[in-house]
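Below you'll find the structure, written out as structure tokens, and then a few comments.
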Amino acid sequence: MAILRGHRITNIYAVAGLCTIGGLIQGFDVSSMSAIIGTQEYKEYFNNPDSVTQGGITASMAGGSLLGALFASWLGDRIGRRDSLFVACVVWLVGSAIMAAVQDIPMLIASRVINGFAVGILTSQGPILIAEISPPNLRGRLISLQQWMITWGILIMYFISFGCSYIKNSTASFRIPWALQTIPTLILMAALPFLPRSPRWLASKDRWDEALDILAALHSKGNKQDPLILTEVRQIRDKIELERQNKSVSWMELLKRKNIIRVHCAIFAHIWSQYSGTNAMMFYIVYIFQMAGLGKNTLVIASIQYVINVVMTLPALAFMDKWPRRKVMMIGSCGMAIWLFTEGALMASYGHAVPGGLNGVSTVTWTVDNSAASKAIIACSYLFIATYATTWGPVGWIYPAEIIPLYIRSKSVSLATVFNWSMNFSLTFFTPPAFRNIQWKATAFVHVFLLFQETQGKSLEEIDPVFDNESIWAFKVKHHPEEFKHEIEHTKQLKVAGLEPTKIEVEVADKRA
0 MAILRGHRIT
10 NIYAVAGLCT
20 IGGLIQGFDV
30 SSMSAIIGTQ
40 EYKEYFNNPD
50 SVTQGGITAS
60 MAGGSLLGAL
70 FASWLGDRIG
80 RRDSLFVACV
90 VWLVGSAIMA
100 AVQDIPMLIA
110 SRVINGFAVG
120 ILTSQGPILI
130 AEISPPNLRG
140 RLISLQQWMI
150 TWGILIMYFI
160 SFGCSYIKNS
170 TASFRIPWAL
180 QTIPTLILMA
190 ALPFLPRSPR
200 WLASKDRWDE
210 ALDILAALHS
220 KGNKQDPLIL
230 TEVRQIRDKI
240 ELERQNKSVS
250 WMELLKRKNI
260 IRVHCAIFAH
270 IWSQYSGTNA
280 MMFYIVYIFQ
290 MAGLGKNTLV
300 IASIQYVINV
310 VMTLPALAFM
320 DKWPRRKVMM
330 IGSCGMAIWL
340 FTEGALMASY
350 GHAVPGGLNG
360 VSTVTWTVDN
370 SAASKAIIAC
380 SYLFIATYAT
390 TWGPVGWIYP
400 AEIIPLYIRS
410 KSVSLATVFN
420 WSMNFSLTFF
430 TPPAFRNIQW
440 KATAFVHVFL
450 LFQETQGKSL
460 EEIDPVFDNE
470 SIWAFKVKHH
480 PEEFKHEIEH
490 TKQLKVAGLE
500 PTKIEVEVAD
510 KRA
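If you count the sequence shown from 1, position 253 lands on 252 in numbering that gives the first Met the number 0, and the numbers rise without skipping.
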């Protein structure tokens with residue numbers, strides 16, 4: 000299969016893979032602290048930051064991401080999804096340069112805020128672009144690549160930081176990992192000119208010829224008369240014509256009855272993903288295993304969870320387009336609840352407080368001395384990550400990107416991403432390395448069962464009527480994943496009967512001044 004067609008990358012997997020380099024960048028940022036905060040060089044250079052200060056350093060990235068996600072709404076509608084990614088890359092390079100040259104804690108926090116701003120744009124516009132270029136039968140798998148790339152970024156940066164931790168008595172132990180964060184950004188910047196723009200964004204700007212060319216190149220090897228392309232263009236055209244009445248879209252549009260449920264679900268898909276407890280695992284895993292009584296080889300044992308994270312995301316890549324989204328989220332909620340409840344119970348039953356902190360680390364104020372309990376805690380941590388990686392990890396990105404109509408998609412997904420980073424900020428700053436979130440997992444199960452509509456196998460335009468149903472209760476709505484295939488077959492029959500134009504002539508609707 001050709002990857003380049005007319006100096007443009009048209010292999011759908013290659014396009015999605017390059018778009019999700021933003022996820023790799025986010026993963027780099029996540030573990031750029033986790034393996035470093037326990038090193039002697041880091042603690043000495045930054046005067047052994049206490050738990051509040053370290054929480055502020057770690058959470059500053061999420062604070063910047065919150066601002067970046069807000070800005071991404073305007074930017075994505077203004078210049079498009081692809082060009083927004085380029086802006087984010089430039090911002091990331093600036094932040095990484097400052098971080099590599101850091102002199103003190105304020106400078107470190109400032110650099111992480113700047114990097115976070117870039118991540119806010121990347122995590123908002125990247126999944127939207129993938130959703131808008133993907134055919135329905137591949138959309139779940141392709142957006143899941145975002146989460147898989149995040150896991151790879153976490154793993155790669157963790158081992159880079161782990162390797163550099165052996166550089167003793169030198170700030171190079173943390174400056175080198177922070178400088179290497181620029182490499183994937185440079186790769187993405189070099190690839191962006193060859194990536195297609197979103198055909199749906201182009202159509203919304205009345206650039207129909209370009210939109211048609213891109214859809215045909217991505218979905219039918221350039222055949223503009225393929226029934227799949229005919230069906231997609233007709234759906235997009237009908238949807239945009241319907242939305243022409245909303246020429247000036249304000250944020251209040253998100254609160255209208257026809258939109259509020261889907262915006263609500265997009266926001267809470269991010270909230271439950273963040274409140275699952277995965278942030279404590281990712282950011283503070285070294286502290287957590289110290290609490291479990293592991294004095295030596297903490298970094299090595301902690302690294303296993305990052306490998307599990309990468310490997311267990313693979314089933315989602317392979318089967319996400321065959322698995323109903325609702326069931327995946329509900330099963331994941333129950334599984335994570337079990338592992339965290341067990342882990343918390345073990346720590347409470349076999350642990351004890353350590354006044355003043357463990358081994359001089361003021362953040363670690365609890366420890367477990369029982370060997371069997373420590374091993375069980377480690378096992379539960381690994382099982383938790385495995386469950387998250389297969390369920391909420393990928394679905395947390397897929398669901399918000401696919402349930403929002405085009406004319407408010409950038410605003411809504413940006414708002415949902417803002418909540419994602421708000422929860423991330425609150426958890427990384429305020430949550431000590433302990434596990435106390437069982438109530439959120441139980442709530443997430445009920446919430447998904449009641450309100451989260453099924454979207455598997457539907458085109459983006461077909462998802463709208465699902466949420467426009469008179470009943471807001473998701474469990475009452477029947478799911479028909481074969482609807483899009485039936486519409487394509489109908490288009491084929493119309494063509495054979497001579498009732499469907501053999502040449503697509505898209506008339507731009509409503510050209511009034």
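Each residue gets a CB set at the ideal place from its N, CA and C atoms; glycine is no exception.
Values in this document were obtained by computation on a predicted structure and should not be read as measured data.
List the residues that DSSP assigns as beta-bridge partners of H263. In DSSP, H263 forms no bridge with anything.
Neighbourhood of F418 by C-beta distance below 6 Å, restricted to the same chain and skipping five residues each side: Cβ within range, chain order: I266, H269, I270.
Nearest-angstrom Cα separation, counted from R81 out to T19: Between T19 and R81, the C-alpha separation is close to 12 Å.
Taking the alpha helix (DSSP H) that A99 falls in, what are its first and last residues? Where A99 is concerned, the enclosing alpha helix (DSSP H) stretches over 80 to 99.
With DSSP as the reference, identify every bridge partner of G350, one or two as the case may be. Note: G350 is bridge-paired with V367 in the DSSP secondary-structure output.
I need the straight-line Cα distance from E231 to P135, nearest angstrom please. If you take the alpha carbons of E231 and P135, they lie about 10 Å apart.
From Y381, V262, C264, D205, pick the residue whose C-alpha is nearest to that of I235; which is it? For the residues Y381, V262, C264, D205, the minimum Cα distance to I235 belongs to D205.
Residue of W391, T416, T366, G21 minimising C-alpha distance to A190: The shortest Cα separation from A190 among W391, T416, T366, G21 belongs to G21.
Measuring only from the beta carbon, is M32 closer than 7 Å to any heavy atom that is part of the ligand PLP? In the structure on display, the ligand PLP does not appear, and there are no ligands present to speak of.
Could you compute how far the alpha carbon of M98 sits from the alpha carbon of E240? Answer to the nearest angstrom: the Cα atoms are 47 Å apart.
Given a threshold of 16 other Cβ atoms within 10 Å of its Cβ, counted over all protein chains shown, does G162 qualify as buried or as exposed? Its Cβ having fewer than 16 others within 10 Å, G162 is exposed.
Compare the beta carbon distance of I24 and P183 with 8 Å and say whether it is the shorter of the two. Result yes, Cβ atoms of I24 and P183 sit closer than 8 Å.
To the nearest angstrom, report how far apart T122 and M148 are at their CA atoms. For T122 and M148, the gap between their C-alpha atoms comes out near 12 Å.
Let me know if L368 comes out buried or exposed under the rule of 16 or more other beta-carbons within 10 Å of its beta-carbon. Position check: residue 368 holds Asp in this sequence, whereas Leu was assumed. Result: exposed.
So, for A385: in the same chain, excluding its five sequence neighbours on each side, which residues have a beta-carbon less than 6 Å away from its beta-carbon? Excluding residues within five positions, the ones whose Cβ falls inside 6 Å are I307, M311.
State yes or no: is the C-beta of I513 within less than 8 Å of the C-beta of V93? Because the chain in this structure spans residues 0 to 512, residue 513 falls outside the shown range and cannot be described.
Need the endpoints of the alpha helix (DSSP H) that E252 sits in, please. From DSSP, E252 is part of no alpha helix (DSSP H); its letter is neither H nor E.
Taking C-alpha atoms, which residue in K220, S110, A15 lies nearest to T57? Here the closest residue by C-alpha is S110.
Leaving out the 5 sequence neighbours to the left and right, which residues in its chain are closer than 8 Å to L187 when beta-carbon positions are compared? Taken in chain order, the residues that qualify are L17, I20, G21, I24, L84, C88.
Cβ shell of A375 (< 7 Å), same chain only, five flanking positions each side left out: Cβ neighbours of A375 beyond the five flanking positions: L345.
What separation, rounded to the nearest whole angstrom, lies between the Cα atoms of F158 and V86? Counting only the Cα atoms, V86 lies some 28 Å from F158.
By DSSP, does I330 sit in helix, in strand, or in coil? In the structure shown, the three-state DSSP call for I330 is helix.
DSSP on I8, reduced to helix/strand/coil? Judged by DSSP in its simplified three-state form, I8 adopts strand.
Could you tell me which of Q289, E209, L201 sits nearest to S370, measuring between CA atoms? The shortest Cα separation from S370 among Q289, E209, L201 belongs to Q289.
When the Cα atoms are used, what is the spatial distance from W177 to K238? When rounded, the distance between both Cα atoms is 45 Å.
Limits of the alpha helix (DSSP H) - the one that P48 falls within: That residue, P48, is in no alpha helix (DSSP H); it is neither H nor E in DSSP.
Are the stretch 57 to 77 and the stretch 408 to 417 touching, with three or more C-beta to C-beta distances below 8 Å? Flag = yes, the stretch 57 to 77 and the stretch 408 to 417 touch.
Start and end residues, alpha helix (DSSP H) containing M528: Residue 528 cannot be examined here, being either before or after the span of the chain that is shown, 0 to 512.
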